[in-house]
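Following: one structure in structure tokens, then a few remarks.
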Amino acid sequence: MLDERYMTQREKIERLYKRLYISGEDLGMAAQFAAFILKKGWHFTPWERRGTIYLQQSAFTSSLIVFYARPFTRSDGLPDFPKKLLKYNDTENSLHDTIIKLRHKVYAHSDDSSYKVQPFSFNGFPTAILGAPFFKLSISEVETLQHMIGMTIAEIYRELQELILIVESAEPDGAPDRQYIRPPWPQCP
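Numbering-wise (our numbering), the sequence shown opens with residue 1 and increments by one.
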């Protein structure tokens, strides 16, 4: 972990810039997963669809949750995501907290509190009755997440525009001219 006490102001700004740029990438991926989940109508419990539908839904839902949560999870070498960029209302804040909790307890880890296991044997073979969370989000949850992601990406982009001016104004004379390129992540509806 880098000690900010020994960093220049420019180094701190560059680290924040890096955090925000990577966060925009992660949220852009989350937006694509959300759009695909909505397009496919993947909001099922395991027994509601046959074949690999639930498997595919689980993969995309897991990816949506993990990529959405990445900016808000501690990263080695990068500063925390600035909370001032989250412009959520109470409902959105509640969903944000739920998604982060799901990431920590279900999607990135298998916490004890999320699972129930009743062991027994069947013809001498060990097995169990398993109570596990479903890998699904409702239509309204995914639509709300899409909106939240779009707002947050817009705030990130605004902050990057301010930070790049500071970084570029601090460059020594003779530094090569660089044109700021718009972030590659998709714009959300």
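Note that beta-carbon positions come from the ideal geometry of N, C-alpha and C, so glycine has one too. Quick caveat, the model's predicted, so the values are computed rather than measured.
Check                                                                                      : Outcome
6 Å Cβ shell around Q179 - same chain, five flanking residues per side excluded            : Residue placement at Q179 cannot be trusted, given a pLDDT of 48 that sits under 50; the coordinates are not used to answer.
Where A132 sits in the DSSP three-state scheme                                             : coil
DSSP three-state assignment for T61, whether helix, strand or coil                         : helix
Given 8 Å, three or more beta-carbon pairs between the segment 54-69 and the segment 79-95 : no
DSSP-derived helix/strand/coil call for T144                                               : helix
beta-carbon A128 near the ligand COA non-hydrogen atom, thresh 7 Å                         : Absence of the ligand COA from the depicted structure is noted, as is the absence of any ligand whatsoever, leaving it without description.
Residues near A170 in its chain [Cβ-Cβ closer than 7 Å; skip 5 each side]                  : R10
Alpha-carbon to alpha-carbon, T73 and E25                                                  : 15 Å
Rounded separation between K40 and W47 - CA only                                           : 17 Å
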